[in-house]
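According to the working numbering, the residues represented by the sequence shown are -6 to 797, in order. Beta carbons: idealized from backbone N, C-alpha and C, even for Gly. These numbers come from a predicted model, not from an experiment.
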Amino acid sequence: MKIETVHTESARIGPFTLGSPRWMALWMALGLGLLLGVALWLRWQYVRDIGMTVDEFTTLWAARQTMNEGAPIMPSGVLYTRGLVTTYLTAAFIAVAGESYTIARLPSVLFGLGAVVVIFLIGRREWNIRVAWLAALGLALLPEAVVWSGRARFYAPLLLFVLLTLWAAFQAVSPLQSADQRGARHNRALLLFALFFVLALFAQEQTILLYPSMILAMWLWRGWRYLWQPAVVAANGVCVATMGLRFILEQVGQPGYFSSLQTYKPYFNLWGDAAALWASHRYLFLNPERLPWTMAGLLAVAIALVVLARARRPLLALPRYHQATLFFGLHLISVMLVLIFVIGSSWSGPRYVFIVQPLWLLIGAAGAVWLVERLNQRESLRWLSTGVLAVLVAWSFFPPAYHTTRVDTEGYHEAFTFVAQQLQPGDVVMSPQAAACAVVLQRPCDYFARERGYQPYAIERDGVLVDRWSGSPVLYSTEQLVQVVRTAPRVWFVADNDRVGSRYLGDFISTLVDQFHKVFAERGAVVLVAEGWKDRPAQVISKTFPAPISLGGFTLTGWSRNEVAAGEQLYMTFYWLNSARLQIEVSTSLQVVAEDGTPITQKDGPPVGGFAKPIDFPDVPVPDVKKLDLPATLSPGHYRIDVVVYKVDPVELLAEPLAVDWFRIGEPPPAPAERVGARWQNGLMLVGHDGLPESLAPAAVFDLRLVWQTEAQVADDYTVFVHLVGPDGEIIAQADRAPEGGFYPTWGWHVGEPVADTYPLQLPAQLAAGEYRLLVGFYRPHDFERPQLSDGGDAVELARWVVP
């Protein structure tokens, strides 16, 4: 295969059929304006229609503090150091135009549009005009770019400054003219590199990830001596000094924050879970609409490497087209490797890939254009092919880009607005989203409520742990929650489905379900209120399954309940794991069934009181509280408790009903007339039996009433056998059946509870002379294995008769 290089100047200018350079510039300006119009429309749709995310409230709160204090100094006394550029810009926009969510988002919109212009200029300058159009179109329609250019966060400014930093660095190591390698243009490029690096670093500290690959690029392109040129030393000195200053600012402004994060959300986790991290990132490159772009990028890099290998010359001697591909590809690959193999999982999510996605777009566009130019020698056909590619890009990227403007975020603004309208003197407000609370209520919450992972966000002030951003006291335990609910006239708890499931443990969630009820919900955000403490019945009966039971992917790990009588409330808590990571809406049903199979009553509802969806459940069992009023007219006897799990829409059982427990209404059975006290090794016990006949008569029928109990939880389901054995050792009469006809199996017996059952024995019409023995015991119905008695043997002899 013949590999041809692309001559940058001819490829960039070439024969242009529409006329003079002036017309070319005009058409280019019109096209870029149209592209920016589409980009602006998409981003404005997001700004206008999508609610504020929880992180955006932090930006707005920091901007408000900046306006009040002159710096983002939070009520806790710490300095909010993340996204300082964005914080000051947001404060400036608010100071000029007034505070609103739209105004707070405008800086990101402008930076996002600026990034589209810059990627166009980079593509045109370092590759050619066709690469510029494809890359700019890709960034204009990239769903992640639409999102981050529409949010009041630091990712859009960071992206623009990173692009400018890398472009300036490339201009420095690979100037257009060899005469510029040491001249004023070279020094200006280094100055711009240092300036944009500083701006990027103060936009977000993630910029540090790029610095090693930039030093590597300088060495690869210009050799190690280049690093010691005075201008290069000065530029890198500024970068290193700024990184040091940024670290000092972090340490002084937020004491203990870095070390706490490294403990609970580590920045570094060398070779941690690379497979899982790649699995979370790969959709960015391998989704069907993105895979062709990735393949084109790989082609561009491969061609550039082949040209380099064949030329056997330094990188600086390669055609600029291929130099640009290798330079920007180096940074893309380097950052991806660091994110997957070095950085902790909390700091290497898909949003941290955003700063290098434009590099992926540039390299992919370069590969596509290289292929187009190899297949078409005529300039008009090259433009026609590029136009077809642009249509395909728009066709594949626009739907997901527009979709991002239709998927709204949690409704925290509406939730806190509802609370603000209901607040009365003495009310207490708590939330895991302290910044959202402070912005909407115009004051910090009374408590920053978070149990799991609160440590990095807490700092001690005057002996009290407070939230770093709002200064609210940290409520981090069930005991604290109970104390607040007991003492406050009314407590508001504002969270969202995900954080209810992931920020708290079982006891905390159980208290929420017990004491609070939902009064407002909007797009996943929920408002719960507790109005005075409500005592709950003691749950004295409980069971934990050694092997949790899966009901269609919803796994029951155990349950607990109170003692109950007719006319009282059955208070039962199930504990669930979403082991199959079900994403559907699930509800559960507590059902009470009589011995004859008649349904008595039931209580349906979502687990966790509907405060969290199954997909948001944590990796620990979550409570599912059911409160069921029993009829006062229940007849004496045993009743079964079933649990059912079903999909809500459409209603569909995930599994058959599962029997989990039994309870008795009325007095316990009378004590037996004759006490036996036989014990089995598995904990079963024969308490005794009622009177037996003094003699056996042919064809006679007598009922044997036995009273059982268990001294330990029994794992198996047993059948009782009652055998009358004749003189020859053969069974002449028997009654084998499960207790209470199978309604109350042995594995469900409560320890210490007497269980009575009657077994009728029909004697044969003729009885041979000799000795007869009455034997009682258990066996497992599926394999007929008998459990052993404590003193050996597998059956208890209750009586002997001699027939003359």
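Bridge-paired residues (DSSP) for residue i
i    : result
R633 : V586 and W655
S553 : S535 and T566
M423 : Y440 and F486
G681 : R668 and V700
G602 : G602 pairs with nothing; no bridge assigned.
I326 : Partner(s): none; I326 has no beta bridge.
K619 : M565
Y639 : S580 and L646
T548 : S543 and L570
L72  : I66
H799 : Absent from the model: residue 799. The displayed extent of the chain is -6 to 797, so no value can be given.
A523 : V484
Per-residue burial, residue i [other beta carbons within 10 Å of its own, 16 or more giving buried]
i     : result
A666  : exposed
I452  : buried
H510  : exposed
K(-5) : Residue placement at K(-5) is flagged as unreliable, the pLDDT there being 45, under the threshold of 50; the coordinate-derived value follows with that caveat. Flag for K(-5) reads exposed.
Q508  : buried
G464  : buried
W286  : buried
S688  : exposed
H179  : buried
I241  : exposed
I43   : buried
H0    : Confidence at H0 is low in this model, with a pLDDT of 45, below 50, so the placement of that residue is unreliable and no value is reported for it.
E49   : buried
N280  : exposed
F777  : exposed
S142  : buried
A228  : buried
A424  : In the sequence on display, residue 424 carries Ser and not Ala. The residue in question, S424, is buried, as its Cβ has 16 or more Cβ neighbours within 10 Å.
Beta-carbon separation (whole angstroms), residue i vs residue j, contact threshold 8 Å
i    : j    : result
R793 : E764 : 6 Å
M127 : L382 : The sequence shown places Leu at residue 127, not Met. With a Cβ gap of about 6 Å, L127 and L382 count as contacting.
Q316 : S167 : 5 Å
Y632 : V586 : 7 Å
A97  : A138 : Incorrect: roughly 19 Å between the Cβ atoms, too far for contact.
E407 : E515 : 4 Å
I356 : L325 : 7 Å
V523 : V467 : For clarity, residue 523 is Ala in the given sequence; the question names Val instead. Actually they are not in contact, since the Cβ atoms of A523 and V467 sit about 19 Å apart, beyond 8 Å.
Y345 : L35  : With a Cβ gap of about 22 Å, Y345 and L35 do not count as contacting.
Option nearest residue i by Cα separation, candidates the options
i    : options                   : result
T594 : A762, K620, Q247 and G464 : K620
L202 : L583, I112, L374 and V233 : V233
P539 : T83, L159, Q584 and W552  : W552
V799 : P68, W655, L23 and V140   : Nothing in the structure corresponds to residue 799, since the chain is present only between -6 and 797.
Y148 : R75, S535, N490 and A128  : R75
E444 : Q473, D420 and V432       : Q473
L277 : L135, E588, Q755 and Y73  : L135
A531 : V512, V557, A523 and I348 : V557
L354 : D42, R123 and A18         : R123
R483 : D420, A671, R181 and K640 : D420
I470 : R461, Y447, T739 and W485 : Here residue 470 turns out to be Ser, not Ile, going by the sequence shown. Taking only the C-alpha atoms, the option nearest S470 is Y447.
G456 : R41, S69 and R15          : S69
S783 : G684, M678, D489 and V506 : M678
P780 : R672, A289 and V140       : R672
L377 : W388, V365, V386 and A387 : V365
S572 : T548, S580 and T591       : T548
P307 : P343, L220, L213 and P259 : L213
L352 : Q370, L374 and F320       : F320
Q435 : F441, D609, P449 and F409 : F409
G63  : A310, V47, R454 and T80   : T80
F804 : V328, A359 and L544       : Here the chain has residues from -6 to 797 only, and residue 804 is not among them.
V362 : T703, A125 and Y39        : A125
D612 : K536, F347 and D491       : D491
V680 : D696, M236 and P663       : P663
I502 : S424, P592 and P616       : P616
**Asked** Which ranges would you report for the alpha helix (DSSP H) in the segment 218 to 299 if only whole runs of at least 4 residues count?
**Response** 223 to 246, 250 to 257, 267 to 274 and 276 to 279
**Item:** Minimum length 4: unbroken alpha helix (DSSP H) runs contained in the segment 335 to 410
**Value:** 350 to 368 and 372 to 397
**Prompt:** Can you list the alpha helix (DSSP H) stretches of 4 or more residues lying completely in the segment 98 to 171, in chain order?
**Reply:** 122 to 134, 136 to 141 and 148 to 166
**Item:** beta strand (DSSP E) runs wholly inside the segment 734 to 796, at least 3 long, in chain order
**Value:** 748 to 755, 763 to 772 and 789 to 796
**Request:** Entirely within the segment 467 to 519 and at least 3 residues each: give me those beta strand (DSSP E) ranges in chain order.
**Result:** 484 to 489 and 510 to 515
**Request:** Would you mind listing the alpha helix (DSSP H) stretches within the segment 33 to 67 that are 4+ residues and don't spill past its ends, in chain order?
**Result:** 47 to 62
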